[in-house]
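Numbering (the numbering used here), first residue to last: 29 to 236.
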C-alpha cells in the first residue's frame, strides 16, 4: 500500500509517517509539504490513499483534493485537520473525501480510519459523524455554492484576501467580488460583521 501524507509542517509529517509505518506493516509513506507538491507526487506514482489537511501553502487542501479527484475519480482521500467545524467537514466530503479526522484523534483511531478507508469504506470521526446527523446545515448557507461557502469560511476565520487568492488559484479581485456577493447574500455590511456572523453560526470557533 502506498500513502501520500500532505502537511506543511515537517515535524507533523515525521510523526505521523512513523505512526503509519509502524502501525501498518508494509505500507509505503511518501510526503508532500504543499498542494502543488502533492499533485506532482501523485503524477509520479498514484497512491492508494492521500491524507491531507485544509491549510496548506499555495493551493488549499480542498482545491488540491478537487484537482486530484478530477484526474483520478477513484482516489481515496482522508482529511486530517485541526478544524472541526461542520461546514468544513461537509465541504471535504463534497470534494470527494472518503474520511475526516481531527488532529485530536488518537493514534489508534487514525490507524483504524486509514485501514478502513484502504478497505473501501468511509470513515468520519465519531463525534463529527454524530453532529452531522443531528445538525442540518444553517439555512443561510444552503443557497451558497461550494466555492462561496469555502471563501466565506476562510474570510470568517480572518484569512487575508491575498492568501485566499493564492490557496484557491484565483485573483485578489475575484476574492473581493466574492466578499461583496457574500455580504449581500448574508445581509451584512462589513467584513467584521461577516466574521461575527460566522462565529454566531458556529462555523468559526473562537480560541481563547
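Even glycine gets a Cβ: it sits at the ideal position worked out from N, Cα and C.
For residue 181, the enclosing alpha helix (DSSP H) stretches over residues 174-184.
Annotation for residue 30: no alpha helix (DSSP H) segment contains it, though the beta strand (DSSP E) segment containing it runs 30-34. Contact annotation, residue 47 with residue 79: C-beta distance approximately 11 Å; criterion of less than 8 Å not satisfied.
DSSP places residue 47 in the uninterrupted alpha helix (DSSP H) bounded by 38-51. Counted as a single uninterrupted DSSP element, the beta strand (DSSP E) harbouring residue 79 occupies residues 77-80.
Going by beta carbons, residue 96 and residue 127 fall outside the 8 Å limit. In the three-state reduction of the DSSP assignment, residue 109 falls in the strand class. By the 16-neighbour rule on beta-carbons within 10 angstroms, residue 203 is buried. Cβ contact annotation for residue 38 (same chain, cutoff 6 Å, sequence separation greater than five): none. Buried is the label assigned to residue 178, since at least 16 other Cβ atoms lie within 10 Å of its Cβ. Boundaries of the alpha helix (DSSP H) around residue 72: 63-72.
In this structure residue 89 is buried. Its beta-carbon is surrounded by 16 or more other beta-carbon atoms within 10 angstroms.
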